[in-house]
Structures are given as structure tokens and as C-alpha cells.
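Below is one structure; the comments refer to it alone.
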């Protein structure tokens with residue numbers, strides 16, 4: 071267990087942050103905090119991808135023209151994370167826009183109050 | 023050269039999505055026209071792809087000229103071609119429906135076209151990460167469309183959908199990540215080759231689990247369906263018609279891709295527990311969705327729970343993974359899209375003309391709007407699986423597949439799902455045609471001069487163009503054009519006609535099945 075934490079701490083952090091985000095989404099009654107939880111969850115996924123690409127002593131994958139120069143860090147996960155960040159930002163924007171509208175209509179961000187108001 | 027149709031299928035609607043916004047800046051209301059032209063082009067492109075695949079081709083287009091597995095591949099084969107055709111046809115139909123049915127804002131059509139592009143992307147991509155991106159494009163456009171209704175609750179429903187949908191997509195991407203670190207590739211065909219032999223490795227099993235749960239959330243399979251009834255109920259009628267027909271459909275298609283192309287049958291043989299887990303998940307969904315649909319009183323909510331049940335059936339078909347069952351799954355996927363879209367469209371027309379939104383409101387509407395109610399009845403019976411209809415065809419193949427595979431519980435569940443579907447459809451039919459005339463509460467005619475949609479007798483199409491009125495609250499009673507009725511009737515005709523198209527589907531899917539079950 072200790073050895074696992076010592077050598078695979080990035081993955082352990084990924085799981086911890088992911089579960090924290092998931093818990094926030096479920097447990098927090100505040101809609102904005104739910105969205106923060108969502109962001110945390112997504113950031114954990116980014117961390118997982120970046121960690122999977124890490125090579126001890128690796129350099130960025132820019133191969134000199136004469137070749138050699140390895141070992142390189144795998145560039146593909148970084149590209150994936152860049153795209154996923156863009157997706158995440160757009161999702162956050164849409165979520166916050168919806169929350170603004172909900173607040174304007176109901177005057178609350180509390181999920182349980184919202185449920186009471188809508189279940190009339 | 024027909025493979026050029028594949029990138030065009032995605033690029034045309036996404037580029038065209040800018041046109042409605044531009045026309046807003048210039049002060050025109052050209053959104054509807056842009057959407058109509060674009061979806062007509064999509065139908066043409068889809069026809070090209072379908073014809074090529076029907077002729078036995080497998081279309082492959084490497085995007086940007088980078089060969090697979092380094093670049094992204096777009097693939098048109100027997101599994102994706104029927105879905106592409108469904109998306110194109112339904113998109114055109116719903117645009118025609120929206121001419122009078124609204125919403126009419128330009129921004130609505132921008133989101134609509136983005137959604138068309140996203141759906142096409144999910145259906146034809148051959149790359150797992152690319153599939154995630156298109157799933158998210160689909161998701162974002164859908165959240166915006168659900169919230170496009172000006173009623174209070176649509177925003178809440180959209181936010182709920184957003185949070186759960188994003189979680190589903192994130193689970194999917196974690197699954198993709200596990201597959202990626204096990205193999206170092208993202209191309210589906212390449213992945214299936216490299217996964218062979220390491221099926222029981224823990225990351226591979228986890229990858230399968232994450233992907234199925236994530237996509238199951240998007241496809242609204244019980245118990246991951248909780249976002250779906252609210253989203254369908256509180257979205258505007260046009261939007262519900264569209265997303266009920268297509269959005270969950272492409273997620274279920276993605277499940278089929280993951281099971282059949284990426285993990286293949288050898289995975290199910292190596293890890294039979296995975297197959298049983300998916301089958302259990304799906305059969306429970308069939309029963310739970312059916313029971314929940316039976317107890318609903320609101321029409322849109324009933325139809326929404328009915329989708330939970332039908333998608334359980336589709337996922338069960340793909341998890342059975344026999345040639346008959348997979349064919350049945352594809353047929354039922356297409357059929358459900360057409361039937362559910364048609365049902366929601368018919369319900370939208372009845373809501374617009376009579377303000378009828380609950381089962382009780384439907385009392386004796388069969389005599390007041392005979393054409394629309396008749397269409398609703400035909401589509402409902404098709405959903406039950408009465409031949410001749412595509413609903414019968416799909417269920418028949420799934421049942422045959424289950425029996426041939428010797429998986430009796432699934433065969434029994436298919437039978438029970440038919441009974442449950444009959445239970446809620448029969449309730450509707452009873453109200454429509456056999457309700458006690460005295461007990462039938464007089465449904466208030468919302469506006470006496472609103473034309474009653476009883477089949478082409480209205481002359482309302484001329485002055486109810488997209489320029490008339492603005493897309494305010496789409497929940498108020500509006501005019502119904504004969505065009506809207508025509509689209510709905512057309513859906514019913516196609517549903518019945520495709521009941522005779524078994525050989526066509528067999529030819530289409532044959533080559534794909536040959537690849538999977540070799």
C-alpha cells in the first residue's frame with residue numbers, strides 16, 4: 071500500500087480528486103458547487119491522462135533533425151487533455167448560463183428548495 | 023471518391039451552423055432556410071453513403087490524409103450507414119415540422135445544426151477519442167436545445183441533464199484512457215487487434231466497464247435514466263421530437279461500436295461476466311422502463327419512460343451478440359427513432375390543437391382529430407410490435423437471437439416488454455377512441471380560431487411562416503399546419519413500409535456481421 075502510494079502517487083491523486091468531485095456533485099445542494107464538483111472530476115481525468123504520459127527523464131517529443139534524443143514523453147495524451155479542457159470550459163459556460171437563468175426565475179440555488187418549488 | 027461524403031456529412035452542418043447567427047446580425051430570420059437547405063444536403067450525402075454500403079462497400083476516409091492508426095478515420099459500414107440515414111431523414115423531417123411548430127429563433131437553428139453535425143460525427147468516426155469529442159458536441163447542443171424552451175423548468179431539466187451527461191462522457195473518457203494506456207492506440211480497429219490476448223487484464227476490464235456505464239448514462243438505460251424524463255417533458259415539443267429520436271440512439275449505437283468493433287466477441291468469451299453484467303443491466307431496464315411508463319399520466323413522460331424500456335432492449339440485443347440479435351438491435355434502433363419521433367410529433371400536434379398533455383385529455387380526440395390520432399395509433403401499435411411494422415421486425419430478430427443463443431431470460435423479457443408496451447399504448451387508444459363521451463371532460467378549446475389538424479383541411483401554412491411571431495414561450499397553443507400533420511403521417515407510413523424491408527436491412531448489415539462473426 072505504502073509502496074503503491076510512493077510510486078503511483080499521481081494515480082492515487084487522480085482517484086482521490088475524482089471521488090471528491092463526484093461526492094461534491096452528489097452531496098452539495100448548491101448548484102454552483104455541483105458545477106465546481108464537475109470541474110474537479112474533469113480535472114482528475116486530465117491528471118490521469120498527463121500522468122499516464124510521463125516518462126522519467128523524458129523530454130518533449132520534438133525530434134531533432136538528426137534523430138535520436140530519446141526517451142520522449144508521449145505527446146498524444148497531452149493533445150487529448152487540451153481538447154478535453156476546451157470541452158470542459160464550454161460545458162462550464164453552458165452550466166453557469168443555465169444556473170443564472172434558474173436563479174433569475176426561482177431566486178434560489180438550493181437544490182432542495184428548487185425541488186419544492188417545482189413539485190407544486 | 024464516395025468516401026468524401028463522410029467528412030462532408032460532419033462538416034456541412036457544423037459550418038452551416040454559423041449562417042443563422044450571421045443572418046441574426048444582419049437582421050434576417052433566415053435560420054429556418056439555412057437549416058432546411060443543410061438538412062436536405064445531408065439527406066443527399068446520407069443517400070450516397072447508404073447506396074455505397076448497400077452495394078457492399080466499406081467506406082473509409084482518413085481525415086487530413088493521415089493514415090490510421092496515427093490519424094483519425096471516418097468509417098461508413100453496415101452499422102453506421104443505417105444510423106446516418108436515420109439522422110439525415112429525421113433532421114429534415116423535424117426542420118419541416120419546425121416551420122410552423124417553432125421555435126423560430128435563429129439561435130435555435132444554429133444549435134440544431136451543431137447537433138446534426140455532432141450526431142453524424144458520433145455515427146461515422148472510427149476513433150474513440152474523436153467519438154468522445156462528438157458525444158460532447160452532441161451533448162452541448164442538446165443541453166442548449168432543451169433549455170431553449172422559455173418555461174421555467176426547462177432550465178432545471180437542462181442543468182440536470184448537463185451534470186449527468188457530462189459525468190457519462192467523463193466515465194467514457196476514463197474508459198478510453200484505460201484502453202489507451204493498455205494499447206497505445208485510439209483507432210477502433212487497431213485497438214481491437216491490440217486488445218486481443220489481454221482481455222482479462224484489469225485495465226481492459228475496467229475500461230469496458232467505464233465505457234459501458236458512461237454510454238449507458240447517455241443512452242438513458244435504467245437506473246441511469248433519471249435525467250431523461252425531465253429533459254423530454256420540459257423541452258419544447260419540436261426539440262423533444264428530435265432528441266427522443268436521435269440523441270439516445272447514437273449513444274446506444276456507440277455501445278454497439280464499443281462492444282462489437284472495439285472489444286469484439288472474443289472479449290465476451292474471455293470475460294463472460296462482462297456480457298452477463300450488460301445483459302442484466304439491459305433486461306432490468308426493459309422491465310423497469312416499461313413499468314414506469316405504464317404508471318405515468320403525462321403523455322410526454324410516458325413516452326420518455328417507454329424509451330428507457332426500448333433502449334434496454336437494444337442494448338440487450340448488442341450484448342447477446344449473435345448475428346440475429348445484432349441485426350435486430352440495428353433495426354430496432356432505427357425503428358425506435360422513427361416511431362418515437364413520430365409519436366412525440368403527433369403528441370405535439372394534439373397538444374397544440376387541443377391543449378391535451380395528459381392521458382385523460384386524450385378522451386375522444388380520435389373523433390376530433392382523426393388523422394393525427396390515427397397516426398398516433400399506428401405508431402403506438404408499431405411500438406408494441408404489431409406486424410407489419412419496423413417495430414415488429416426489430417423485436418422479432420432480437421427474440422430470435424435470444425432463443426438461438428439459448429438465453430431464455432432475454433427472450434422472456436422481450437415478450438414481457440411487448441405486454442408492457444401494449445399496456446400503455448392500449449391505455450392511450452382506449453382514451454382516444456372508446457372513452458365514455460359523458461365522462462370525457464370537455465377539453466377547453468384554447469383559441470377558437472386555431473385550426474384543427476384533421477388532415478389537410480387547414481390553409482394555415484401561408485401566413486404561419488418562420489417570420490411570423492417570435493419564439494416566445496413555445497408552450498402556448500399555436501397554429502398547426504397541414505405540413506406538420508403530413509410529416510407525422512409520413513413517419514407512420516415509413517414505419518409500416520419498413521416492416522417489409524427485412525431483406526434490405528439484412529443486405530446492409532450482412533457485410534458488417536460477416537466481419538464481426540467470422
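Residue numbers (this note's numbering), protein chains in the order written: chain A, 71 to 190; chain B, 23 to 540. Glycine is no exception: its CB is placed at the ideal position from the N, C-alpha and C atoms.
Taking 8 Å as the CB-CB cut-off, is residue i touching chain B?
i                      : result
residue 132 of chain A : no
residue 82 of chain A  : no
residue 73 of chain A  : no
residue 89 of chain A  : no
residue 179 of chain A : no
Using a C-beta to C-beta distance shorter than 8 Å, which residues of chain B count as neighbours of residue i?
i                      : result
residue 95 of chain A  : 185, 189
residue 86 of chain A  : Here the premise fails: no neighbours, minimum Cβ distance about 14 Å.
residue 122 of chain A : 199, 202, 203
residue 188 of chain A : 174, 175, 178
Spell out whether any CB of chain A is found under 8 Å from the CB atom of residue i.
i                      : result
residue 174 of chain B : yes
residue 70 of chain B  : no
residue 165 of chain B : yes
residue 265 of chain B : no
residue 158 of chain B : yes
residue 181 of chain B : yes
residue 155 of chain B : yes
residue 107 of chain B : no
Give me the DSSP bridge partner(s) of residue i.
i                      : result
residue 98 of chain B  : B:81
residue 129 of chain A : A:142
residue 380 of chain B : B:320
residue 178 of chain A : Answer by DSSP bridge pairing: none, since residue 178 of chain A is not bridged.
residue 147 of chain B : B:96
residue 100 of chain A : A:180
Can you give me the C-alpha to C-alpha distance between residue i and residue j, rounded to a whole angstrom?
i                      : j                      : result
residue 149 of chain B : residue 133 of chain B : 24 Å
residue 212 of chain B : residue 290 of chain B : 18 Å
residue 482 of chain B : residue 371 of chain B : Because residue 482 of chain B carries a pLDDT of 38, less than 50, the predicted location of this residue cannot be relied on, and the following value inherits that uncertainty. Distance between the alpha carbons of residue 482 of chain B and residue 371 of chain B is about 14 Å.
residue 168 of chain A : residue 109 of chain A : 16 Å
residue 433 of chain B : residue 39 of chain B  : 44 Å
residue 336 of chain B : residue 280 of chain B : 14 Å
residue 144 of chain B : residue 100 of chain A : 33 Å
residue 415 of chain B : residue 146 of chain A : 44 Å
residue 76 of chain A  : residue 85 of chain A  : 15 Å
residue 449 of chain B : residue 243 of chain B : 24 Å
residue 452 of chain B : residue 506 of chain B : 25 Å
residue 382 of chain B : residue 320 of chain B : 9 Å
residue 122 of chain A : residue 228 of chain B : 16 Å
residue 467 of chain B : residue 165 of chain B : Note that residue 467 of chain B has pLDDT 48, beneath the 50 cutoff, so the model's placement of it is unreliable and no number is given.
residue 378 of chain B : residue 288 of chain B : 51 Å
residue 112 of chain A : residue 368 of chain B : 40 Å
residue 533 of chain B : residue 286 of chain B : 16 Å
residue 571 of chain B : residue 70 of chain B  : The question about residue 571 of chain B has no answer, for chain B in this structure spans 23 to 540.
residue 530 of chain B : residue 116 of chain B : 25 Å
residue 159 of chain A : residue 72 of chain A  : 36 Å
residue 178 of chain A : residue 89 of chain A  : 27 Å
residue 496 of chain B : residue 60 of chain B  : The predicted model places residue 496 of chain B with a pLDDT of 42, which falls under 50 and marks its position as unreliable, so this point remains unresolved.
residue 457 of chain B : residue 516 of chain B : 29 Å
Which bits of chain B does residue i rub up against, with CB to CB less than 7 Å?
i                      : result
residue 160 of chain A : 162
residue 104 of chain A : 185
residue 108 of chain A : 185, 188
Which residues in chain A sit within 7 Å of residue i, going by Cβ to Cβ distance?
i                      : result
residue 151 of chain B : 150
residue 192 of chain B : 111, 112, 115
residue 195 of chain B : 115, 154
I want to verify the contact list: residues of chain A whose CB lies under 9 Å from the CB of residue i, in sequence order.
i                      : result
residue 169 of chain B : 164, 167, 168, 171
residue 441 of chain B : None at all; the shortest Cβ gap to chain A is about 31 Å.
Using a cut-off of 9 Å between C-beta atoms, extract the partners of residue i located in chain B.
i                      : result
residue 183 of chain A : Within 9 Å Cβ-Cβ: nothing; residue 183 of chain A doesn't reach chain B, min ~12 Å.
residue 125 of chain A : In chain order: nothing, as chain B lies at least about 13 Å away.
Is residue i close to the ligand ATP? I mean its beta-carbon at under 7 Å from any heavy atom of the ligand.
i                      : result
residue 301 of chain B : Ligands displayed in this structure: none; no statement on the ligand ATP is therefore possible.
### Query
Taking only runs of the alpha helix (DSSP H) that begin and end inside the region 412-459 of chain B, which ones reach a length of at least 4 residues, in chain order?
412-427, 430-456
### Message
Under 7 Å, CB to CB, which of the residues in the region 133-152 of chain A have a partner in chain D?
### Response
No chain D appears in the structure shown, which is made up of the protein chains A and B.
### Continuous alpha helix (DSSP H) assignments of at least 4 residues falling wholly in the region 204-285 of chain B
210-217, 224-241, 249-256, 259-279
#### Entry: Contained beta strand (DSSP E) runs [length at least 3] in the region 131-203 of chain B, N- to C-terminal order
none
### In chain order, each alpha helix (DSSP H) run of at least 4 residues that lies wholly inside the region 26-50 of chain B
27-38, 40-47
### Message
Which complete alpha helix (DSSP H) runs does the region 299-364 of chain B hold, if anything under 4 residues is left out?
### Response
321-342
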